[in-house]
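Here the sequence shown stands for residues 11 to 109, where the numbers follow our numbering.
Notes follow once the structure below has been shown.
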Amino acid sequence: LPPGPSTLMVQGQGDAKPRTVKLSASMTVGRAPECELRLDDTYTSQQHARLFAKNNSWFVEDLGSTNGTFVNEQKLAAPAMLQPGDKVRVGQTIMELRR
(Lines of atoms letter the chains of each structure in order from A and count residues from 1; the text may use other names and numbers.)
(Lines give C-alpha, C1' and ligand atoms only; values in the text may rest on other atoms or scores of the structure.)
Protein backbone atom coordinates (compact mmCIF):
# COMPACT_ATOMS: atom_id res chain seq x y z
CA LEU A 1 0.00 0.00 0.00
CA PRO A 2 1.11 3.59 -0.56
CA PRO A 3 2.83 5.12 2.50
CA GLY A 4 0.73 7.06 4.99
CA PRO A 5 -2.94 6.64 5.76
CA SER A 6 -5.23 6.83 2.76
CA THR A 7 -8.94 7.43 3.10
CA LEU A 8 -11.78 8.25 0.80
CA MET A 9 -14.44 10.84 1.64
CA VAL A 10 -17.64 9.49 0.07
CA GLN A 11 -20.58 11.86 -0.55
CA GLY A 12 -23.64 10.20 -2.04
CA GLN A 13 -26.53 12.12 -3.57
CA GLY A 14 -28.83 11.55 -0.58
CA ASP A 15 -26.17 11.64 2.14
CA ALA A 16 -26.54 14.41 4.70
CA LYS A 17 -22.77 14.36 5.24
CA PRO A 18 -19.84 12.47 3.71
CA ARG A 19 -18.59 9.21 5.19
CA THR A 20 -14.94 8.26 5.52
CA VAL A 21 -13.77 4.93 4.10
CA LYS A 22 -10.29 3.47 4.72
CA LEU A 23 -8.76 2.22 1.47
CA SER A 24 -7.59 -1.37 1.15
CA ALA A 25 -5.23 -2.75 -1.52
CA SER A 26 -8.07 -3.14 -4.04
CA MET A 27 -11.69 -2.03 -3.73
CA THR A 28 -14.54 -2.56 -6.16
CA VAL A 29 -17.10 0.26 -6.14
CA GLY A 30 -20.72 -0.29 -7.18
CA ARG A 31 -24.25 -1.34 -6.23
CA ALA A 32 -23.61 -5.11 -6.06
CA PRO A 33 -23.58 -6.66 -2.56
CA GLU A 34 -20.09 -8.11 -3.15
CA CYS A 35 -18.50 -4.67 -3.74
CA GLU A 36 -16.07 -3.55 -1.02
CA LEU A 37 -17.51 -0.04 -1.34
CA ARG A 38 -21.24 -0.45 -1.89
CA LEU A 39 -23.17 2.60 -3.08
CA ASP A 40 -26.90 3.19 -2.96
CA ASP A 41 -26.89 5.20 -6.20
CA THR A 42 -29.16 4.25 -9.12
CA TYR A 43 -26.72 5.89 -11.58
CA THR A 44 -23.95 3.55 -10.44
CA SER A 45 -23.43 0.18 -12.17
CA GLN A 46 -23.39 -3.10 -10.20
CA GLN A 47 -19.59 -3.20 -10.51
CA HIS A 48 -18.74 0.33 -11.59
CA ALA A 49 -15.07 1.04 -10.82
CA ARG A 50 -12.05 -0.28 -8.97
CA LEU A 51 -9.59 1.58 -6.75
CA PHE A 52 -6.21 -0.12 -6.40
CA ALA A 53 -2.67 0.47 -5.15
CA LYS A 54 0.29 0.15 -7.51
CA ASN A 55 3.88 1.49 -7.30
CA ASN A 56 3.12 3.42 -4.07
CA SER A 57 0.19 5.26 -5.67
CA TRP A 58 -3.59 4.91 -5.83
CA PHE A 59 -5.32 4.33 -9.16
CA VAL A 60 -8.92 4.15 -10.33
CA GLU A 61 -10.26 2.29 -13.34
CA ASP A 62 -13.73 2.04 -14.85
CA LEU A 63 -15.11 -1.51 -15.06
CA GLY A 64 -17.19 -0.99 -18.20
CA SER A 65 -19.88 0.98 -16.37
CA THR A 66 -22.92 2.38 -18.16
CA ASN A 67 -22.38 6.03 -17.15
CA GLY A 68 -18.57 6.13 -16.90
CA THR A 69 -16.15 7.08 -14.15
CA PHE A 70 -14.79 10.63 -13.88
CA VAL A 71 -11.70 12.08 -12.19
CA ASN A 72 -11.97 15.85 -11.68
CA GLU A 73 -14.81 15.74 -14.27
CA GLN A 74 -12.62 14.09 -16.95
CA LYS A 75 -14.11 10.80 -18.18
CA LEU A 76 -11.70 7.89 -17.75
CA ALA A 77 -10.58 6.02 -20.85
CA ALA A 78 -7.82 4.12 -18.99
CA PRO A 79 -6.76 3.64 -15.35
CA ALA A 80 -5.71 6.96 -13.80
CA MET A 81 -3.33 7.73 -10.94
CA LEU A 82 -4.95 9.66 -8.09
CA GLN A 83 -3.44 12.48 -6.05
CA PRO A 84 -4.75 13.60 -2.64
CA GLY A 85 -7.67 15.96 -3.25
CA ASP A 86 -8.69 14.37 -6.57
CA LYS A 87 -12.44 13.92 -6.91
CA VAL A 88 -13.70 10.65 -8.41
CA ARG A 89 -17.34 10.57 -9.54
CA VAL A 90 -19.29 7.37 -10.11
CA GLY A 91 -22.96 7.90 -10.85
CA GLN A 92 -23.99 10.79 -8.59
CA THR A 93 -21.53 9.89 -5.84
CA ILE A 94 -18.35 11.94 -5.31
CA MET A 95 -15.30 10.37 -3.65
CA GLU A 96 -12.26 12.43 -2.65
CA LEU A 97 -8.86 10.86 -1.92
CA ARG A 98 -7.33 12.02 1.37
CA ARG A 99 -3.93 11.17 2.86
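C-beta atoms are modelled at their ideal positions from N, C-alpha and C, and glycine is treated no differently.
Nothing here was measured: the structure is a model prediction, and the numbers come from that model.
Item: Could you tell me whether the Cβ atoms of Asn77 and Tyr53 are closer together than 8 angstroms?; Value: yes
Item: Cβ of Met19 within 8 angstroms of Cβ of Met105?; Value: yes
Item: When DSSP builds the beta bridges, which residues end up paired with Gln10?; Value: Not covered by the structure: residue 10. The range shown for the chain is 11 to 109.
Item: Where DSSP assigns a beta bridge to Ser36, which residues make up the other side?; Value: Phe62
Item: Quick one: Cα of Lys32 to Cα of Ala88, how far?; Value: 24 angstroms
Item: Roughly how many angstroms separate the alpha carbons of Gln23 and Ser34, rounded to a whole number?; Value: 24 angstroms
Item: Among Leu11, Val100, Asp25, Pro13, which has the Cα closest to the Cα of Gln75?; Value: Going by the sequence as given, residue 75 is Ser instead of Gln. Cα-wise, what sits closest to Ser75 is Val100.
Item: Under 8 angstroms between the Cβ atoms of Val39 and Ala59?; Value: yes
Item: Who are the near neighbours of Gln56 in its chain, counting only those whose CB is closer than 6 angstroms to its CB and skipping five residues on each side?; Value: Gly40, Arg41, Ala42
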